[in-house]
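Enquirer: Here you go, one structure.
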Amino acid sequence: MTAATPRFAPGDRTLMEGDAARGRLVFAAAGCGSCHARPGQSDPLNLGGGLALASPFGTFRVPNISPDLIDGIGSWSAADLANALISGISPADEHYYPAFPYPNYTGMRIEDVGDLYAYLRTLPAVSGRPPPHDLPLPFRIRRLLGLWKLLFFDEGGSEARLNGDPLHDRGAYLVEVLGHCDDCHSTRNILGAIKPSTRFAGGPDPEGTGFAPNITPYHIGHWSETEIAEILTSGRTPERRRLGSSMVDVVSNIAQLPQSDRVAIARYIKSLPARPTPHP
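Everything in the sequence shown is counted per my numbering, starting at 65 for the first residue and increasing by one.
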């Protein structure tokens, strides 16, 4: 029950290599460079990893996902990437820690996985492997993640609420799946899973460095769809403030998408259930 069982086998016919130009947009929407770019340098496509992510469970080190054959993922097949994103399983058949947001990415469309795979293969190979995670027992026992998945992981599922409006539903996919916005804007339980009643209502920063704001209509209901789309373009709020912290990278990524995608995100955010901000 706790074994890491990949969904996709090498040569799986559902995994056709996609279009790198479309993959660039998937890469931006998913914020891949924000975590995997090597710290201390300005190139967001230098995907050597190494960023340290502090957590109540220890320190996670973001891996190298450049096409380097030894230190990166250059030897991965499209099936390997799909298993990582959709099943949270490595090519060595080990569970990934959910510091990697596969609980959201699991809802990705297969064609988007193929497009992302094609794009990643066009990026420069970067040598060097980050240090391993620094986790105390029992958190370093990956097999236990199988229990976590039984409790909190819905493989292939998504929290996206669809209503048939193409713009709204595109926003649902961008917010709930690729953008994994609830990852920061929610509160977690003692096992690190999101509390459903707090989704998008804000919560302590996963690294313990602040409090992510409530982005439901309870808190930002006075912002219009147009104003939210502008925030995602320029980083400026209607109150003439500038977004800071990790939202700087988020805006930089989302600004690369078509304007219609920013409007779609805004429409979906406006449709979220209003939830009060939980106490820190």
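Virtual Cβ for every residue (Gly too), placed ideally from N, Cα, C.
Just so we're clear, the structure is a prediction, and the values are computed from it rather than from any experiment.
(1) Keeping to the same chain, check which residues put their C-beta closer than 8 Å to that of residue 73; ignore five residues upstream and five downstream.
(2) Please name the residue or residues paired with residue 258 in a DSSP beta bridge.
(3) Report the option in 217, 206 and 131 whose CA atom is closest to the CA atom of residue 188.
(4) Compute the beta-carbon to beta-carbon distance between residue 331 and residue 179, rounded to the nearest angstrom, for a pair I have assumed lies under 8 Å.
(5) If we ignore side chains and look at the alpha-carbon of each, how far apart do residue 185 and residue 137 end up?
(6) Expressed to the nearest angstrom, what Euclidean distance is found between the alpha-carbon atoms of residue 299 and residue 317?
(7) Quick one: is residue 339 buried, meaning 16 or more other Cβ sit within 10 Å of its Cβ, or exposed?
(8) With which residues is residue 116 paired in a DSSP beta bridge?
(9) Count the other C-beta atoms from every protein chain shown that fall within 10 angstroms of the C-beta of residue 213, then say buried if there are 16 or more, exposed otherwise.
(10) If you follow the alpha helix (DSSP H) that residue 212 is part of, which residue opens it and which one closes it?
(11) Is the CB-CB distance between residue 122 and residue 203 below 8 Å?
(12) Quick one: Cα of residue 210 to Cα of residue 197, how far?
Expert: So, from the data block:
(1) Counted from its first residue, the sequence shown places residue 73 at position 9. Excluding its 5 nearest sequence neighbours in each direction, residue 73 has C-beta neighbours in its own chain below 8 Å: 143, listed in chain order.
(2) Translated into the one-based positions of the sequence shown, residue 258 becomes position 194. Residue pairing for residue 258: DSSP places it in a beta bridge opposite 252.
(3) Counted from its first residue, the sequence shown places residue 188 at position 124. Checked all of 217, 206 and 131; the closest Cα to residue 188 is 131.
(4) Here residue 331 is taken as the residue at index 267 of the sequence shown, counted from 1. Here residue 179 is taken as the residue at index 115 of the sequence shown, counted from 1. No, residue 331 and residue 179 are not in contact; Cβ-Cβ is about 24 Å, not under 8 Å.
(5) Taking the first residue of the sequence shown as 1, we reach residue 185 at position 121. Taking the first residue of the sequence shown as 1, we reach residue 137 at position 73. Whole-angstrom Cα-Cα distance: 9 Å.
(6) To locate residue 299, count along the sequence shown from 1; it is residue 235. To locate residue 317, count along the sequence shown from 1; it is residue 253. Distance between the alpha carbons of residue 299 and residue 317: 11 Å.
(7) Here the question's residue 339 lines up with position 275 in the sequence shown. Its Cβ being crowded by 16 or more others within 10 Å, residue 339 is buried.
(8) Against the sequence shown, residue 116 aligns to sequence position 52. The partner list for residue 116 (beta bridge, DSSP) reads 125.
(9) What you label residue 213 is simply residue 149 of the sequence shown in a count that begins at 1. Residue environment analysis places residue 213 among the buried positions, since at least 16 neighbouring C-beta atoms fall within 10 angstroms of its C-beta.
(10) Position 148 of the sequence shown holds residue 212. Here the alpha helix (DSSP H) through residue 212 covers 209-216.
(11) In the sequence shown, the residue the question calls residue 122 occupies position 58. In the sequence shown, the residue the question calls residue 203 occupies position 139. A contact, by the Cβ cut-off of 8 Å.
(12) The residue given as residue 210 occupies position 146 in the sequence shown. The residue given as residue 197 occupies position 133 in the sequence shown. Approximately 18 Å between the Cα atoms of the pair.
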